Amino acid sequence: MITATPRKDLLLMGIFTFAVLTMPIWLAPIGASYPDLLQRFAIFGIFAIGFNILFGLTGYLSFGHAAFLGVGSYTAVWSFKLLSMSVVPAVIFGVITSGLFAVVIGYISLRRSGIYFSILTLAFAQMSYNLAYSVLTPITNGETGLQLSLNDPRTLDSLVGVAATDGIPPTNFFGIEMSGYSGFYFCAILMIIGFYISMRIFRSPFGMMLRAVKSNSNRMSYTGLNMRPYTLTAFVISGMYAGLAGSLMAVTDPLAGAERMQWTASGEVVLMTILGGVGTLIGPVIGAGVIKYFENIFSAINENVLHGIFNFLPDFLEDGVVAILSLFVGEGWHLTLGMLFMLIVVFLPGGIVEGFSRIYARFRNKNNSTDGKADPIGSAKVQPGE
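By the count of the numbering used here, the sequence shown reaches residue 388 at its end, each step adding exactly one.
Given below as structure tokens:
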């Protein structure tokens, strides 16, 4: 086990920042360096980081976090329609609205724990999804989804004298259009900030209290400590992260639909967190990257691509290999992801990060043995009679 120290946290932060900002370079060899996918990596990384603050620290498994994702998206699009195409107010209002929504849902759901808490959050998410399709159609535009139009007032843009355009103006950050790599780096910087905040929460007394709740909530209640303010705060922070992710979805693609509030979106972030490593800092980001890579790149591999890869084989052998592998790529990418998830849960319950930790520990022990610094108990020679 690696003990956390300020120096190691600083090193981790530096490595994480460098890795995120250079993603277009080191992801190019595996075909994942185009802007749209990089934006998804960053956005769902934020979503998973926030979810891990709740699930990883308190052990409360929410199946309703997609509701906050949808609320953030709707709020951001309404900000673009009513106020300005600037992303600053859209992101701020998206985070605030999602936080207020999380206060209401969390206050009710946290009256129960375990599977009952999970069912309550799922129920709230499904109610939000159905309301967006029916009762709240004037706000959400129902099945069509909320989109920008030429007739939107955009009052702040009008007040500051932003020149009108023939078409719908793009979202911008002080004049920088949020498309392509500029959109990715905007999302990436916010993910780095979100990662730093998550690290500070993990290392704070508040984070230790949340770990205590996860470790033994009954024992904590016996001490007379009211745990609900701590768990509610974690729930709201987690919901605000989800709202930020939803806002960024609207920033990079200015529309919002009820499908973002479906239970499948909530289940996806659960898979990301478990796959990468629940309760670890970097794990959820890795899990988000793996799932989005499978969804966007692995799913695009079809039989024609496989034939191009294995065309050096004899025809009968090539056809057999392609027939087998085609079951696991393209439309069958869910099968590959399911098998990977099963292997992780069975052999690495701590996720991908646990696998890296085991490799690091084995490498370190091997070096220590080579240098003659093995465990003194194991290396000492016991003399007869001792």
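Glycine included, each C-beta is placed from N, C-alpha and C at the ideal position. Values in this document were obtained by computation on a predicted structure and should not be read as measured data.
- Beta bridge pairing from DSSP links residue 257 with 149.
- A Cβ-Cβ separation of about 6 Å places residue 276 in contact with residue 353 under the 8 Å criterion.
- Contact between residue 96 and residue 249 is confirmed by a C-beta separation of about 3 Å, below the 8 Å threshold.
- Beta-carbon to beta-carbon, residue 147 and residue 257 are separated by about 5 Å, close enough to satisfy the 8 Å threshold.
- Taking a contact as a CB-CB distance under 8 Å, the pair residue 265 and residue 128 counts as one, their CB atoms being some 6 Å apart.
- In the structure shown, the three-state DSSP call for residue 365 is helix.
- Within the segment 204-231, no run of beta strand (DSSP E) reaches 3 residues while sitting entirely inside it.
- Selection 318, 134, 232 and 78 evaluated against residue 251 yields 78 as nearest (Cα-Cα).
- In its chain, beyond the 5 residues on either side, 79, 82, 83, 170, 256 and 257 have a beta carbon closer than 8 Å to the beta carbon of residue 150.
- In this structure the segment 213-224 lies against the segment 57-66, because at least three pairs of beta carbons, one per stretch, are closer than 8 Å.
- In the displayed model, residue 313 falls within coil according to three-state DSSP, outside both helix and strand.
- With a threshold of 16 other beta carbon atoms within 10 Å, residue 286 meets it and is buried.
- Annotation note: the segment 19-88 contains no uninterrupted beta strand (DSSP E) run of length 3 or greater.
- Apart from the 5 residues on each side of it in sequence, residue 208 sits with its Cβ closer than 8 Å to the Cβ of 232 and 235 in its chain, given in chain order.
- Separation of residue 121 and residue 318 (C-alpha to C-alpha, rounded to the nearest whole angstrom) is 51 Å.
- Under the DSSP assignment, residue 159 falls in the alpha helix (DSSP H) whose first and last residues are 157-161.
- Counting of Cβ neighbours within 10 angstroms places residue 263 among the buried residues, the total reaching 16 or more.
- Straight across, the Cα-Cα distance linking residue 12 with residue 201 is about 10 Å.
- The closest CA to that of residue 116, considering only 157, 164 and 220, is found on 220.
- The Cβ atoms of residue 18 and residue 66 do not sit closer than 8 Å to each other.
- Relative to the Cα of residue 357, the nearest Cα in the group 297, 337, 159 and 282 belongs to 282.
- Residue 10 and residue 16 have their C-alpha atoms roughly 10 Å apart.
- Of all C-beta pairs linking the segment 17-31 to the segment 178-190, three or more are shorter than 8 Å, placing the two stretches in contact.
- The beta-carbon separation of residue 90 and residue 173, rounded to 10 Å, does not stay under the 8 Å limit for a contact.
- DSSP places residue 128 inside the alpha helix (DSSP H), whose first and last residues are 117-135.
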